[in-house]
Amino acid sequence: MAQKYNPREIEKRWQQKWAADHIYEVKEDSRRPKFYALTMFPYTSGDLHIGHWYTMAPSDVYARFKRMQGYNVLHPMGFDAFGLPAENAAISHGIHPYDWTMKNIENMRRQFRSMGAIYDWNREVITCLPDYYRWTQWFFLRLYHAGLAYRAEAPVNWCPRCQTVLANEQVVGEGFCERCNTPVTKRELEQWFFRITKYAEELLDHSRLDWPERTKLMQKNWVGKSEGAEICLRLGHEGVEQKEIRVFTTRPDTIFGVTFFLLAPEHPLVCQLTTPEHKAEVDEYIAWCRRQNEYERVAMDREKTGVFLGSYVVNPLNGERVPIWIADYVLPSYGTGAVMAVPAHDERDLEFARKFKLPVRTVIVPPDSTGEEFTEVYTGSGTMVNSGEFNGLPSEQGYEAICALLEEKGWGKRTVIYRLRDWLISRQRYWGAPIPMIYCDKCGIVPVPEEDLPVLLPPDAEFRPTGESPLKYCQSFVNTTCPQCSGPARRETDTMDTFMCSSWYFLRYTSPETGDAPFGATKMKYWLPVNLYTGGVEHAVMHLFYARFFIKALRDMGLVNFDEPFTRLFNQGTIIYRGAKMSKSRGNVIAPDEYVAELGADAVRGYLMFIGPWELGGEWNDRGIVGVSRWLNRVWSLITTDYVPTHRGVVDPEAEKEFLHSTHKTIKEVTAELEKFRFNTMLASLMEFSNYLSKVKESGVVSDALWREAISYFLLLLAPTAPHLAEELWTRTGHPYSIHNQPWSEYDEELAREEEITLVIQVNGKLRDKVIVPASVSEVEAKELALGRERVKAYTDGKKLTRVIYVPKRVVNIVVAS
RNA sequence: GCCGAGGUGGCGGAAUGGUAGACGCGGCGGACUUAAAAUCCGCUUCCUGCAAGGGAGUGUGGGUUCGAGUCCCUCCCUCGGCACCA
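Structure representation (structure tokens):
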């Protein structure tokens, strides 16, 4: 009896040999086409869980497949290492974020090694190390000098009790501090922004990208382009310096339906436009709004709130005097922070009008209107009414005519606005790349000179359970000298959003050893752009969007020579456990280690692929994992036990033909399914083939040579999926090391083609019979055959034949009158 | 609330508008074994029938089509993302 399949022993042995032989080390090579296969790097939370493997294992399979196809494949790995959890660990466990992070990385690296991926660890990138973050700072300076970084006030979540800034994640429930349960308020702070909106229009263009439609759509909605008009409302109010309010509308055609104007409570004119008798009420409402968190304010199902300011403004189109209100559903950050309310044609405005008994005036009637009053909001287009000289016009024409009039009279203009806001990158935290800026009383804001980078994080900062960023209290960090006047100055104590680190890490992988630049220009040019980027669908908007912005900004500075970082993108779905995404902070993680120890990495890799379509993800359960493990065991015994031909010199040509057909059909299917990332059906094809091989082995009908050929094809197809087992069996069947340096198998189209098909015969769309026919069957033959079948006649005899539909190689549908 | 995706056997899932349930798990029966595990063979959507067969069936209710899991509309549920599209 042959030796048993022992994944533990095999996997360890091959991992060691591959490492010792450096077979996965990557060099630039002009003789082969390059392929940059990038997988989103993990956050250093401490352990790799099943969710990480779900991201990493199938992408490793694909990278191995490309490698066998002859590409020079770069498939690197690294760690996204700055962020809030490290700092929380520091506060609650007294361990320094650096130590916590590096310890986690060590553990995660060990787990990665057990997976058997082709990562070239010489290229590892860790974002929290000074030789990485000095370049993150360098990019900040470049963006600043390019006019893309600026300072402005922006609200942060503030816990009045902890006296600290809270991340959105730390605000729980209906706006409470996660530590002390105190209601969270907003506080305005001067912070740094990147002018991402400058690229809004270009970021909408995905036309040259091979990306999933859903991801492109999410990004498009994120940019949120709206075309409309900006209208100036003249203010002649006493004591108000500003002479106009600007409102934005996408529906200038409804302007005659305006019955009130609304400002965001934060709008700068609110205070001046409030009459003394309304001041108390307005102040109270504004204070109440400041306590609202984003989530509450955004909820559409809650009751509308707002207050009247006591003042009015004139609608330029009809000269009407219209009241000004404030309402929290008007957002200061969108458009001009002021809107014209048209309750007849906007759902939210109608709700507001009903609550506060404000008038509603219909100005558009639907094309099919019979003239009766309608009580529901109508947001479509139609014919204009109650609109003065524009009455009777279709609203599309009215839109144009009113815009033209606004522009002619100087009352407003056509404009485009975006929902996209500039990227706020300041974080009031320790564990991030310090923003390399200095504040000097004499010189103002002064950037740190490039040659002084990195601005190092002080190792001796204190982590208090409450209080603001530890950097703020670290005197040795804060106090510095001005690079311009050498006088005393203070450092910026905010650090950068970690999305900044992950916006350029893929450039660093190409040349992580580079000391005088963020990357080596020649190597970067060889590898970039990334041919295939894979990662969780949860990053469809923010990370992927920021990285695209970054590359466009770098392009405009002349640092890179391409427009888009990721030519092809695949977003895999999310692994759910106990009703939510697996994450350490939620505490619903499943570690792969036990499964690996028991069944082997090849089985775990295989199971994660077999579970379902990669792009869908799904609820984790391990019910089927033994199935993949058993299959690998069957493969082991299929190949390690001898094949005994039974034909005694005279082979059955039909049997051999079928055998070759089966082999080449499998090569064709597996190749196509890998190319489409259909790992689940790729595995099913491999299983079907190995089941077939078992049957053939039992009968022994094919020659020994043919059998051996089929086995080596099978192992080559298996190699990306189960790299350890395939390598072991490759060696055992007498092939030269290593299977992972072999070319991918080509199939013979002639042999892969089906010779016989099952023709389905339907009567009135119902399956009534099946018949096996040669694939070359003609339409006439098929129809004749179908009509002549006994089982079919039972349903057609005595009935009138109306049609016979023929779908080549599939169906004959006989339609009879009933 | 908004944006995006998904609902198919007991379970994970398969199916260019053309045989619904591939492949695997679980279950049932059998072989091997003193026995168990492992392994191998067979059956396994539901109802009806001795059988051949017949009928129903892809979250809900409609529609388009010779034919719908697949396309269109309504609603319900689950998951991912989020910074009232004025």
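Residue numbers 1 to 818, in this note's numbering, belong to the letters of the first sequence in order.
Using N, Cα and C, we set each Cβ at its ideal position, and we do this for glycine too.
Comparing alpha carbon positions, the residue from G224, D441, T480, R568 closest to L38 is R568. R195: not part of any alpha helix (DSSP H); DSSP gives it neither H nor E.
Using a 10 angstroms sphere on the CB of N813, the tally of other CB atoms reaches 16 or more, which defines it as buried.
With contacts defined as CB atoms closer than 8 angstroms, I805 and V815 qualify as a contacting pair. The C-alpha of Q137 is placed about 34 angstroms away from the C-alpha of Y71. Per DSSP, reduced to three states, the secondary structure at P447 is strand.
Secondary structure of E303 (DSSP, three-state): coil. Here W707 carries a helix assignment [DSSP, helix/strand/coil]. Taking the C-beta atoms as reference points, R354 is found no nearer than 8 angstroms to Y329. For V73, the uninterrupted beta strand (DSSP E) segment begins and ends at 72-74. The alpha carbon of A655 has as its nearest neighbour, out of L608, W707, L616, the alpha carbon of W707.
Taken in chain order, the unbroken stretches of alpha helix (DSSP H) that lie wholly in the segment 316-371 and span 4 residues or more are 347-355. Taking V792 as reference, the option from L767, K800, T802 with the minimal CA-CA separation is L767. Ranked by Cα distance from E564, the first of F260, W614, E538, S503 is S503.
Cβ-Cβ distances below 7 angstroms link Y312 to R321, V322, P323, I324 in the same chain, with the five nearest sequence neighbours on each side left out; the list follows chain order.
In this structure, the straight-line span from the alpha carbon of Q742 to that of E227 is close to 56 angstroms. Taking a cut-off of 8 angstroms for Cβ pairs, the segment 536-553 and the segment 194-214 touch, as three or more such pairs fall below it. With respect to F82, C403 sits apart: the two C-beta atoms are not nearer than 8 angstroms.
Pairing T802 with I667, the inter-Cα distance amounts to about 44 angstroms. For T164, the three-state secondary structure derived from DSSP is strand.
A residue is called buried when at least 16 other Cβ atoms come within 10 angstroms of its Cβ; V416 does not meet this threshold and is exposed.
Just so you know, the alpha carbons of Q163 and S469 end up roughly 11 angstroms apart. Counting along the chain, no alpha helix (DSSP H) covers S585, and no H or E run does either.
Residue burial annotation: Y133 is buried, with at least 16 other C-beta atoms found within 10 angstroms of its C-beta. When DSSP states are grouped into helix, strand and coil, M557 belongs to the coil group. Following the DSSP letters along the chain, one finds D131 in no beta strand (DSSP E) but inside the alpha helix (DSSP H) bounded by residues 130-145. Contact between L471 and F477 is confirmed by a C-beta separation of about 6 angstroms, below the 8 angstroms threshold. The criterion of a C-beta distance shorter than 8 angstroms is not satisfied by V626 and F610. Pairing N104 with G51 gives a Cβ-Cβ distance that is not under 8 angstroms. In its chain, beyond the 5 residues on either side, F41, G78, V125, T127 have a beta carbon closer than 7 angstroms to the beta carbon of Y505. Annotation: W18 to S207 spans about 41 angstroms, alpha carbon to alpha carbon. According to the DSSP assignment, S226 belongs to no alpha helix (DSSP H) but to the beta strand (DSSP E) extending over 225-234.
Around the beta-carbon of M557, fewer than 16 other beta-carbon atoms lie within 10 Å, marking it exposed.
Within the segment 66-125, the beta strand (DSSP E) runs of at least 3 residues that lie entirely inside it are, in chain order, 72-74. In this chain, G536 is not harboured by any alpha helix (DSSP H); it is covered by the beta strand (DSSP E) spanning 530-536. With respect to I435, T495 sits close: the two C-beta atoms are nearer than 8 angstroms.
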